[in-house]
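K.L.:
Please read through the structure below; I'll follow up with questions.
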Amino acid sequence: MIIMFDRIMKSKSLFLTLSYFLLLFSFVSCNSIQESRKNEDIKLVKLETNKGVISIKLFNDKAPETVKNFLYYAENGHYEGTIFHRVIKGFMIQGGGHLPDMSSINSIAPVVNESNNNLKNKKGTIAMARTMDPHSATSQFFINLVTNEFLDKENAQDGYGYCVFGEVIDGMEIVESIGMVDTENKSGHSDVPIENITINKIEVINQ
20 MIIMFDRIMK SKSLFLTLSY FLLLFSFVSC NSIQESRKNE DIKLVKLETN KGVISIKLFN
80 DKAPETVKNF LYYAENGHYE GTIFHRVIKG FMIQGGGHLP DMSSINSIAP VVNESNNNLK
140 NKKGTIAMAR TMDPHSATSQ FFINLVTNEF LDKENAQDGY GYCVFGEVID GMEIVESIGM
200 VDTENKSGHS DVPIENITIN KIEVINQ
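Its first residue numbered 20, the sequence shown is counted upward by one per residue in this note's numbering.
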């Protein structure tokens with residue numbers, strides 16, 4: 020009877036050990052799948068300009084609606100042929116809204132301002148341009164040439180600030196070279212580069 024009980028206890032111990040490892044394997048596998056899916060959601064964009072290529076990582080986990088909005092314009096070819104129409108040295112370069120003749124591209128409904136995502140307007144980040152209305156951003160974006168803390172939500176006079184949704188990971192030297200070009204007033208716009216800085220193509224890369 021004692022021998023039988025001992026065998027039962029050993030079998031039970033073996034069963035519990037196997038169950039533990041199966042559970043652990045399942046947990047690790049689940050995490051691996053989730054991590055894989057998370058990685059699949061990471062998106063990069065390559066802005067091919069006439070000054071060089073700028074690679075940008077999009078923070079779709081932090082600004083999902085803004086990234087979705089940006090990708091609409093990128094994937095449907097709306098940015099191709101547009102220019103960086105506003106360049107202010109020591110501040111930012113802005114594009115995504117005008118063609119070389121300064122006519123505006125067609126835009127869809129404005130996107131909600133997601134500036135409460137705790138992303139900061141530091142050097143090299145990309146954010147949405149807008150009017151005085153916090154929720155008026157459509158296609159235009161800007162890349163910060165320096166850290167512009169006053170654009171962050173917590174420092175903004177209107178309580179909203181400007182939504183960061185990505186960051187330059189390669190080609191910052193191209194951004195900085197664009198930020199040094201000479202500008203002029205043109206068609207009612209100020210700070211327009213004298214030489215057109217054109218976005219020839221945008222490639223969206225799923226990671």
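Virtual Cβ for every residue (Gly too), placed ideally from N, Cα, C.
#1: Kindly indicate which residue of Y179, E195, D152 has the alpha-carbon position closest to the one of N163.
#2: Nearest CA to the CA of P119: which residue from I224, V223, N219, N215?
#3: Taking the alpha carbon of K141 as the reference point, which residue from T202, V183, K70, G207 has its own alpha carbon closest?
#4: Return the chain-ordered ranges of every beta strand (DSSP E) run that is complete within the region 141-196 and spans a minimum of 3 residues.
#5: Between H154 and M199, what straight-line distance do the alpha-carbon atoms span, to the nearest angstrom?
#6: What does a CB cutoff of less than 7 angstroms around E94 pick up in its chain, not counting 5 residues either side in sequence?
#7: Which residues in the same chain have their Cβ closer than 6 angstroms to the Cβ of E67, if we skip the five residues on either side of it in sequence?
#8: Exposed or buried, which one is E192 when buried takes at least 16 other CB atoms within 10 Å?
#9: Measure from the alpha carbon of T144 to the alpha carbon of each residue in T157, D171, G116, then state which is nearest.
#10: Within the region 62-134, note down every full beta strand (DSSP E) run reaching 3 residues or more, in order along the chain.
#11: Leaving out five residues before and five after P129 in sequence, what residues of the same chain have Cβ atoms less than 7 angstroms from its Cβ?
#12: Rounded to a whole number of angstroms, what is the C-alpha to C-alpha distance between N225 and K62?
#13: Measuring CA to CA, which of L138, I197, A148 is closest to E168?
#14: Which two residues bound the contiguous beta strand (DSSP E) that contains K205?
#15: DSSP state of I213, grouped into three classes?
#16: Suppose the cutoff is 6 angstroms on Cβ atoms and the five residues either side in sequence are ignored; what does the same chain contact list for Q113 look like?
P.N.:
If we stick to the structure as given:
#1: Closest option to N163, Cα to Cα, is E195.
#2: Selected option, being the one with the closest Cα: N215.
#3: V183
#4: 144-147, 160-163, 183-189
#5: 30 angstroms
#6: Excluding sequence neighbours, E94 sits near V223.
#7: N219, K220
#8: exposed
#9: D171
#10: 62-68, 71-77, 102-107, 111-117
#11: H154, S155, A156, T157
#12: Rounded to whole angstroms, N225 to K62 spans 5 angstroms at the Cα level.
#13: L138
#14: 202-205
#15: The answer is coil: DSSP assigns I213 none of H, G, I, E or B.
#16: R105, A148, F161
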